[in-house]
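Read the structure below first, then the notes.
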Amino acid sequence: MTDAPLTISDRIQRQLDDLTRAERQLAHSILENYPASGLGPLSALAKDAQVSVPTVARMVQKLGFNGYPEFQTELREELKAKAKDPIAKHDTWAGGAPSGHILNRFTDAVIDNIRHTLGQIDPQDFDTACAMAANTKRHLFIVGGRVTHTLAEYLFLHMQVIRPRITHIQSTSNTWPHYLLDVKPGDVFIIFDMRRYENNTLKLAEMAHAKGAKLILFTDQWRSPVHQLAQISFSSRIVVPSAWDSAATPLLLLETMVAAVQDLTWGDTKDRMEALEDMFDQTKLFRKFT
Numbered sequence: 001m002t003d004a005p006l007t008i009s010d011r012i013q014r015q016l017d018d019l020t021r022a023e024r025q026l027a028h029s030i031l032e033n034y035p036a037s038g039l040g041p042l043s044a045l046a047k048d049a050q051v052s053v054p055t056v057a058r059m060v061q062k063l064g065f066n067g068y069p070e071f072q073t074e075l076r077e078e079l080k081a082k083a084k085d086p087i088a089k090h091d092t093w094a095g096g097a098p099s100g101h102i103l104n105r106f107t108d109a110v111i112d113n114i115r116h117t118l119g120q121i122d123p124q125d126f127d128t129a130c131a132m133a134a135n136t137k138r139h140l141f142i143v144g145g146r147v148t149h150t151l152a153e154y155l156f157l158h159m160q161v162i163r164p165r166i167t168h169i170q171s172t173s174n175t176w177p178h179y180l181l182d183v184k185p186g187d188v189f190i191i192f193d194m195r196r197y198e199n200n201t202l203k204l205a206e207m208a209h210a211k212g213a214k215l216i217l218f219t220d221q222w223r224s225p226v227h228q229l230a231q232i233s234f235s236s237r238i239v240v241p242s243a244w245d246s247a248a249t250p251l252l253l254l255e256t257m258v259a260a261v262q263d264l265t266w267g268d269t270k271d272r273m274e275a276l277e278d279m280f281d282q283t284k285l286f287r288k289f290t
């Protein structure tokens, strides 16, 4: 981990668990429109977040500032530093498009999301999570939600090749209670839950946790309520210039996890891959050109 100064965004994320409900609402509003949300008057920020002016004042103090003017001064310094950052000066990613083109704006946002996300992750926590996912003595369950089920399915497809004793829990609430019947203490759940957080996912996590399962959570920068139950949580920055949140950063994390677990289990994984390829040959699933 680096010793770089904490940004205002970093401070907010570190304080999330200690904030009141109104302060968390304010924090989410600031992060969602960061950094533009903090550049206007205090009253405007309070109105946008639908909280009181005193709530903003308390929040600013909790972040370590003497007042709103000092908070804004620090925010402006961050913006100046960002303008000097080499990333902000790079040639446009799509050379044939202007710097303001959606291809370049979206790419800039994704790269910024990745940089901030990796800066918040403890490599030791990541290694621990990968070791948990690789432990074939424990059953591995993977579950996502309405949108994040695509991430869960992607991870499951790879893990199914890498190791045995793995289950993909369908996100519909009328089926997942059946999966909980055989959960044993120490079993591992990998859960994907991004905003808008789903009640079904939280209930599943609560029941799995009550049975002694260990939870690994992939969530967003505001963190799903499941993080209070999880042994390890990975918070990804997901905001991009779109009506939809980006899955690029969590996808990077889970693909890295696949690579790490594959390395940890390579002896057995290689045997499973060879057996799978043999079955593919027998079923003629893929075309061969030799």
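Heads up: the sequence shown is residues 1 to 290, going by the UniProt record's numbering. We treat Cβ as the ideally placed atom computed from N, Cα and C, and that holds for glycine.
Can you name the residues that DSSP bridges to K214? Sequence index remark: in the sequence shown, residue 214 carries index 214 (1-based). DSSP lists V188 as partners of K214.
Whole angstroms is fine: what's the gap from Y68's alpha carbon to S37's? As a first step, residue 68 is located in the sequence shown; it is residue number 68 there, counting from the start. As a first step, residue 37 is located in the sequence shown; it is residue number 37 there, counting from the start. Near 13 Å, if we compare the C-alpha coordinates of S37 and Y68.
Just confirm the distance between the C-beta atoms of S235 and Q13, as a whole number of angstroms; I'd bet it's less than 8 Å. Residue 235 sits at position 235 when you count from the first residue of the sequence shown. Residue 13 sits at position 13 when you count from the first residue of the sequence shown. Contact flag correct, Cβ pair sits at about 7 Å.
Going by C-alpha to C-alpha distance, which of W266, E70, Q160, L140 sits closest to L180? Residue mapping note: residue 180 aligns to position 180 of the sequence shown, counting from 1. When only C-alpha atoms are compared, the closest one is L140.
With DSSP as the reference, identify every bridge partner of F65, one or two as the case may be. One-based indexing of the sequence shown puts residue 65 at position 65. Answer by DSSP bridge pairing: none, since F65 is not bridged.
Leaving out five residues before and five after T7 in sequence, what residues of the same chain have Cβ atoms less than 7 Å from its Cβ? Here residue 7 refers to the residue found at position 7 when the sequence shown is read from its first residue. Excluding residues within five positions, the ones whose Cβ falls inside 7 Å are E78.
Checking contacts by CB at 8 Å: is S236 closer than that to chain D? Reference to chain D is not applicable here, since this structure consists of a single protein chain.
Q262 burial status per 10 Å Cβ neighbour count (16 or more: buried): Stepping through the sequence shown from its first residue, residue 262 is reached at position 262. Counting Cβ neighbours within 10 Å, Q262 comes out buried, since at least 16 surround it.
Name the DSSP bridge partner or partners of L140? One-based indexing of the sequence shown puts residue 140 at position 140. L140 pairs with I166, V188.
Using 10 angstroms around the beta-carbon of Q124, count the other beta-carbons present and answer buried if the total reaches 16, otherwise exposed. As a working note, residue 124 is residue 124 in the sequence shown. So Q124 counts as exposed.
Quick one: using the 10 Å Cβ neighbour count with 16 as the cut-off for buried, is T249 buried or exposed? Stepping through the sequence shown from its first residue, residue 249 is reached at position 249. Classification for T249: buried.
Where S242 falls, given that 16 or more other Cβ within 10 Å makes a residue buried: Walking along the sequence shown from the start, residue 242 turns up at place 242. S242 comes out exposed.
Which same chain residues, not among the five before or five after L204, have their C-beta less than 6 Å away from its C-beta? Position 204 of the sequence shown, counted from the first residue, corresponds to residue 204. W176, listed in sequence order.
Identify, in the order they occur along the chain, each residue of the same chain with its Cβ nearer than 7 Å to the Cβ of A247, setting aside the five sequence neighbours on each side. Here the question's residue 247 lines up with position 247 in the sequence shown. Excluding residues within five positions, the ones whose Cβ falls inside 7 Å are L151.
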